[in-house]
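K.L.:
Sharing a structure with you now.
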Amino acid sequence: MTLTPPSPTRPPLTLPAVASTALAVLSSHVFPAETNMLAFPLTLALIAIFGVPHGAADHLVHAWRHLPTGRKGGDAKFFAGYIALVVAHATLWYLCPPAAFALFLCMAVWHFGQGEYEYLGGRSPLVYYGCAATCTLDAWVVYVSRGIMILSLLTFAQPSLTFPVIQAVTTLDTKWIPDPSAPSTLAACRIAVTAGVAQHVLLLSYLLGHSTRPTAFLRDHVPKLVALALLYTHVNAYLAFGIYFGLWHALEFFLSVKSSLALTTRGMIAWAVVPLSLPVLGAMLVMGMYWDQVGMASEVAYWRAFLVVVSSVTTPHVVYLEGFVRVRMAGGSKEPNKQMRPQRERNEVEIIKSAVVNSCENSRKAPVVSQLAKSPTVACVGKSR
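Per this note's numbering: the sequence shown = residues 1002 to 1386.
What follows is the structure, encoded as C-alpha cells:
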C-alpha cells in the first residue's frame, strides 16, 4: 500500500497579493501622481507589518525542527549562531559594501525564487508538476531562474528609482553607476529585463514539455508571471517591491509557518514575531534618520538603511529556512516534533496505517480503507507490488 501526500491546499497567489497588485496597477494609471506620492510610506508600512516580521519567525522554525529533548541551551545556541551571522554580514558591509551587496543579491535570488513555490508546502515543483520522471534538471535550477527574473525586474525596470539606491548602498563612485536617464542606460536596462524574463519563460516552456500535469502547470504559472510583470513595470518601483516583499513573499511564508507549526490564530504568530521585529525596525529607523540628516535624499537614506539591516538578518534567515524546507521536503519533522502537528492529522495517519495493515489480513476491513482514503491527510491509498 502507498500513502500519497495531499495536494496543496492554497493557490499560487493569495487574495491579498492579487488584490494589492490589481489595485496598485489600476491606481498607477488612474491616479499616477497620488500613487507615486504614497508609494514610499506605503512601502515602509508593508515592510514593517509583513516584511521584517516574517524573518522574525525563524526561532519558530528552529523550534519546529528541534523540540526540547532535555538539552539545555538549545535556544541560546540558536540565537548565538543567528547573531553571529548577522554580525558577520554587518561587518562585511563596513569593510566592503560592494561585496556585502553582491552577497545579498545572491541570497535574494535563491530566497525569492524558492519562496515562489511556498504554496507547494515543501514539495519540489518538478515532482509536483510531474516533470521529474523525464527531466534531468534539479529544483534549484527553477528557484535560481525564478529569482533572477524577479531581481532583474526589480533592479532594471525603473532605473531612475533603483540606481540611486544601489549607488548609495554600495558607496561606489558615481562613475561606476550609469546615468539612469541616459538613452544607452535605458536601452541596456530594457535588455536586462527582457533577458531576465526570457530565460525563465524558456525554462518553464521546457518543463511544460516534460510535465504530466500541463493544465495545472499553466494554471499555476501563467497568471503569476503576468501579475509579476505588471507589478514591476506599471507600479512605482518602491511600492512594487513593498507589495511583493510584504504581500507575496512574506505572507506566503507566514501561511507555511502557520500550517506547519499548527498556529491557529494570527495573534499567536504576532505574539511570537513582534518582539523580535522591533529591534530590526529600530535599527532601520535610526540608520535612516542618520543618513537623512547628513544630506542624503530621504527616500534613498531609508532604502539604504533597509538594505543594510535586512541583508544582515537575511543571511541567518536563509540558512535556517533552508533546514525548514529540507525537513518538509523529506515529509515532515523528526519524530519528537510530531507533537506540534494537528492532533487530527496524527490520528488519521495512525488510523490509516493500521487500516492498511489490517486490510491485508482481513478483507472485511476494505470498506474502512476505502472510506479513510477520502481523508484530507491522504490523497490516495493504493496497492503496490
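For glycine and all other residues, C-beta sits at the position ideal for the given N, C-alpha and C.
Keep in mind that this is a model prediction, so the values were computed, not measured.
Can you grab the Cα-Cα spacing for the pair Gly-1296 / Asn-1037, in whole Å?
P.N.:
If I take the Cα positions, the gap works out to 22 Å.
K.L.:
Roughly how many whole angstroms lie between the Cα atoms of Val-1026 and Leu-1106?
P.N.:
Rounded to the nearest angstrom, the two C-alpha atoms are 26 Å apart.
K.L.:
Whole angstroms are fine: how far does the CA of Ala-1101 sit from the CA of Ala-1049?
P.N.:
Rounded to the nearest angstrom, the two C-alpha atoms are 23 Å apart.
K.L.:
Grouping DSSP H, G and I as helix and E and B as strand, with all else coil, what is Leu-1155?
P.N.:
Leu-1155 falls in the helix class under three-state DSSP.
K.L.:
With a floor of 4 residues, list each alpha helix (DSSP H) that falls wholly inside the stretch 1035-1090, ordered by position along the chain.
P.N.:
Runs of the alpha helix (DSSP H) inside the stretch 1035-1090: 1053-1056, 1059-1066.
K.L.:
Taking one C-beta from the stretch 1079-1098 and one from the stretch 1221-1230 each time, how about it: are there three or more such pairs within less than 8 Å?
P.N.:
The stretch 1079-1098 vs the stretch 1221-1230: no contact.
K.L.:
On the three-state DSSP scale, how would you describe Val-1311?
P.N.:
Note: Val-1311 maps to helix in three-state DSSP.
K.L.:
Cα-Cα, which of Gly-1324, Leu-1043, Arg-1124 is closest to Gly-1243?
P.N.:
That would be Leu-1043, whose Cα lies nearest to the Cα of Gly-1243.
K.L.:
Which whole runs of the alpha helix (DSSP H) in the stretch 1217-1246 are 4 residues long or more, in chain order?
P.N.:
You should have 1238-1244.
K.L.:
Would you mind sorting Ala-1169 into buried or exposed? The rule is 16 or more other CB atoms within 10 Å of its CB.
P.N.:
Buried, since its Cβ has 16 or more Cβ neighbours within 10 Å.
K.L.:
Alpha carbon to alpha carbon, how far is Ala-1273 from Pro-1054?
P.N.:
Taking the straight line from one Cα to the other gives about 9 Å.
K.L.:
Which same chain residues, not among the five before or five after Ser-1161, have their C-beta less than 7 Å away from its C-beta?
P.N.:
Closer than 7 Å at the Cβ level, and outside the excluded window around Ser-1161, lie Pro-1181, Ser-1182.
K.L.:
Any idea what DSSP makes of Met-1297, helix, strand or coil?
P.N.:
Coil.
K.L.:
Can you tell me the Cα-Cα spacing of Tyr-1118 and Pro-1126, whole angstroms?
P.N.:
One C-alpha to the other measures close to 7 Å.
K.L.:
Assuming Ala-1241 contacts Leu-1232 (C-beta within less than 8 Å), just tell me the rounded distance between them.
P.N.:
Yes, Ala-1241 and Leu-1232 are in contact; Cβ-Cβ is about 5 Å, under 8 Å.
K.L.:
To which residues of the same chain is Ser-1371 closer than 6 Å at the C-beta, ignoring the five residues directly before and after it?
P.N.:
With a pLDDT of only 40 at Ser-1371, under the threshold of 50, the placement of this residue in the model should not be trusted, and no figure is reported.
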